[in-house]
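Beneath this line is the structure, given in structure tokens, with notes to follow.
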Amino acid sequence: PFVTVDCTTLPSQLVESELFGHERGAFMGADRRVPGKVELAEGGTLFLDELGDLPLEAQGKLLRFLQDRVFERVGGRSTLSADVRVVVATHRDLEREVERGNFRQDLYYRIRVVEIAIPPLRDRGGDEIVELARHFAHVFAQRYQRPEPQLDPEAEELLRSHVFPGNVRELEHWIESALALSP
Numbered sequence: 002p003f004v005t006v007d008c009t010t011l012p013s014q015l016v017e018s019e020l021f022g023h024e025r026g027a028f029m030g031a032d033r034r035v036p037g038k039v040e041l042a043e044g045g046t047l048f049l050d051e052l053g054d055l056p057l058e059a060q061g062k063l064l065r066f067l068q069d070r071v072f073e074r075v076g077g078r079s080t081l082s083a084d085v086r087v088v089v090a091t092h093r094d095l096e097r098e099v100e101r102g103n104f105r106q107d108l109y110y111r112i113r114v115v116e117i118a119i120p121p122l123r124d125r126g127g128d129e130i131v132e133l134a135r136h137f138a139h140v141f142a143q144r145y146q147r148p149e150p151q152l153d154p155e156a157e158e159l160l161r162s163h164v165f166p167g168n169v170r171e172l173e174h175w176i177e178s179a180l181a182l183s184p
């Protein structure tokens, strides 16, 4: 399985329950045992998107899981284990966040096994942007069941010259909007 957790959307009081699950009666409204994302990813991959937004108190529990591959459900008494590959992503400079005290240093070194830095669009060559635009045009043409458009040279030049402060999402939404609104 491939299980995704968007760390930006997790309220700090529910992070532990979301990641590790909870037992019936663990808190008000916990009327049944609920497995967490870690359990659901057993034998597969857990993708923690925007890990830099995870509250400090949850970072310690995540660190324990990463080190020992064990966890406890909220309200649980038994220690469980899971065989899970963990992949994380963030737009934050975690090294700087460690210096500021917003991110645990031990967790930073635990997750920094293989690092892949992806440069923003503003730092890429113009042809890469055009290729991404063609990809998105293909995807949205299929989604909206429309003929796949061709980018004319003027549109390509506009794409190459734009800075894209919204990065890839901005480009994606530009193309989707153009395809949805064009005759």
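Quick note on this note's numbering: the sequence shown kicks off at 2 and runs consecutively. We put the CB at the ideal spot given by N, CA and C, even for glycine.
* Asked: With distances taken between CB atoms, is the gap from arginine 70 to serine 82 smaller than 7 Å?
  -> yes
* **Spatial distance of threonine 91 from leucine 108 (CA atoms)** => 14 Å
* To do: Leaving aside the five residues before and after leucine 52 along the sequence, list all residues of the same chain whose C-beta is less than 6 Å from its C-beta, in chain order.
  => Cys8, Val89, Thr91
* Measuring alpha carbon to alpha carbon, tell me which of Gln106, Arg135, Met29 ends up nearest leucine 57. => Gln106
* Straight-line gap, arginine 33 to glutamate 73 (C-alpha atoms, nearest Å) -> 16 Å
* Asked: In terms of residues, what are the limits of the beta strand (DSSP E) holding arginine 86?
  -> 86-90
* With DSSP as the reference, please indicate the residues paired to aspartate 50 in a beta bridge. => Asp7, Ala90
* Asked: Is it true that the CB of phenylalanine 48 sits closer than 7 Å to the CB of threonine 10?
  -> no
* Look up serine 82 in the DSSP assignment and say whether it is helix, strand or coil. => strand
* Asked: Less than 6 Å between the CB of histidine 136 and some heavy atom of the ligand COA, yes or no?
  -> For the ligand COA, the structure offers nothing, since it holds no ligand at all.
* To do: Count the other CB atoms, across all protein chains shown, that sit within 10 Å of the CB of leucine 1; report buried if there are 16 or more and exposed otherwise.
  => In the structure as shown, the chain begins at 2 and stops at 184. Residue 1 is therefore absent and cannot be evaluated.
* With serine 162 as the anchor, note down where its alpha helix (DSSP H) starts and where it stops. => 154-162
* Asked: CB-CB under 8 Å to aspartate 84, same chain, minus the five flanking residues each way: which ones, in chain order?
  -> Glu43, Gly44, Arg70
* Going along the chain, which residues of its own chain have a beta-carbon closer than 7 Å to the beta-carbon of alanine 134, five neighbours each way excluded? -> Leu152, Leu160, Leu172, Ile176
* Look at glycine 22 and glutamate 40 and say whether their C-beta atoms are less than 7 Å apart. => yes
* Could you tell me which of Met29, Glu155, Arg147, Phe141 sits nearest to histidine 174, measuring between CA atoms? => Phe141
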